[in-house]
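Shown next, in structure tokens, is the structure this report addresses.
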Amino acid sequence: MSVSPDDWKRVLDTIATQNTWPFPFYDSLALSIQSAVRTIPIFSNWKPSGHDIQFLGALQTLEEALTQTRSLQALLEQYILFFISTYLPFAMRSEAQYDILSLTQNYFAVTETIAGGRRGPVLHNRRIGSILRTNQLRLVEGIPRAAMDVVKKWIEETPSYGSSTDSIKPVLSSLQYLRRIMNFLVDDRFRSERLEVLLLRYLSETEDINRDVLEGLEKAQVEYETDKDKRRRGPLRPLEELPTISDSDNPDDSDYYA
Numbered sequence: 016m017s018v019s020p021d022d023w024k025r026v027l028d029t030i031a032t033q034n035t036w037p038f039p040f041y042d043s044l045a046l047s048i049q050s051a052v053r054t055i056p057i058f059s060n061w062k063p064s065g066h067d068i069q070f071l072g073a074l075q076t077l078e079e080a081l082t083q084t085r086s087l088q089a090l091l092e093q094y095i096l097f098f099i100s101t102y103l104p105f106a107m108r109s110e111a112q113y114d115i116l117s118l119t120q121n122y123f124a125v126t127e128t129i130a131g132g133r134r135g136p137v138l139h140n141r142r143i144g145s146i147l148r149t150n151q152l153r154l155v156e157g158i159p160r161a162a163m164d165v166v167k168k169w170i171e172e173t174p175s176y177g178s179s180t181d182s183i184k185p186v187l188s189s190l191q192y193l194r195r196i197m198n199f200l201v202d203d204r205f206r207s208e209r210l211e212v213l214l215l216r217y218l219s220e221t222e223d224i225n226r227d228v229l230e231g232l233e234k235a236q237v238e239y240e241t242d243k244d245k246r247r248r249g250p251l252r253p254l255e256e257l258p259t260i261s262d263s264d265n266p267d268d269s270d271y272y273a
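Residue numbering for the sequence shown is 16 to 273, as defined by this note's numbering.
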């Protein structure tokens, strides 16, 4: 499947006709899309064509973002604008196009869960139900920011050693991990305010939004999973004291998911 310049123009026209379009970066975004349609061969004959499909999905994400909070709307628009104006021109010059395609796919995979993952549009449903917590929203918004910082740092450092497969692998790994964290945060079972505070504390204690954030989130997630596992298994007891299966009760994770 390939997306032609006419396809992009239709998408742009659709966006432009939104009478209630609230995004603060819209003017810059529209100009960037128009410029890309005119000048970047990705929209006509450039291969592999998977890039243009990903870009189309990115633009569709902007329309889906209208169902989110204003702050998240603006952030998602900024996320797409960063892709168009900063990442895409740089990626076009890379010789490692297969790895670049994978990087592009994972860049958008970080945010695709927001619109509606396996369990549906959790954030939207919580906002409509007036149960979306500020701390949860702050954590979710931190993930796209971290992803942009990771990619930006890679772009800034790449000229020193070239856009090779080896230089892309660490960035790809970071984006994949950020996607897992995002899935964790927008799961409809995630309702632990204590864990939200813990995660935010990690974020507030670091000045480097890149590796420190990833390591902090990983540490917090490990603590969460370890504590949940302990609650499920209960304290260790001698073998003869263990109850039979029929006597066991199901674990209660309500403190985390209630």
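The beta carbon of each residue, even a glycine, is placed where N, CA and C say it ideally should be.
Of the residues the options, the one placed nearest residue i, counting alpha carbons only
i: residue 88; options: 138, 114, 121 and 189; result: 138
i: residue 93; options: 170, 105 and 157; result: 157
i: residue 207; options: 90, 103 and 146; result: 146
i: residue 168; options: 186, 181 and 159; result: 186
i: residue 116; options: 201, 96, 183 and 97; result: 183
i: residue 127; options: 142, 196 and 205; result: 196
i: residue 97; options: 122, 216, 110 and 204; result: 122
i: residue 200; options: 104, 148, 164 and 163; result: 148
i: residue 95; options: 205, 188 and 163; result: 163
i: residue 142; options: 209, 203 and 216; result: 203
Under 8 angstroms between C-beta atoms of residue i and residue j
i: residue 125; j: residue 190; result: yes
i: residue 129; j: residue 166; result: no
i: residue 84; j: residue 152; result: yes
i: residue 101; j: residue 170; result: yes
i: residue 180; j: residue 114; result: yes
i: residue 211; j: residue 150; result: yes
i: residue 136; j: residue 90; result: no
Residue interval of the alpha helix (DSSP H) (run including residue i)
i: residue 188; result: 180-200
i: residue 97; result: 85-97
i: residue 141; result: 137-143
i: residue 147; result: From DSSP, residue 147 is part of no alpha helix (DSSP H); its letter is neither H nor E.
i: residue 106; result: 103-107
Chain D contact for residue i (CB, 8 angstroms cutoff)
i: residue 143; result: Protein chain content of the structure displayed is limited to a single chain, and chain D is not contained in it.
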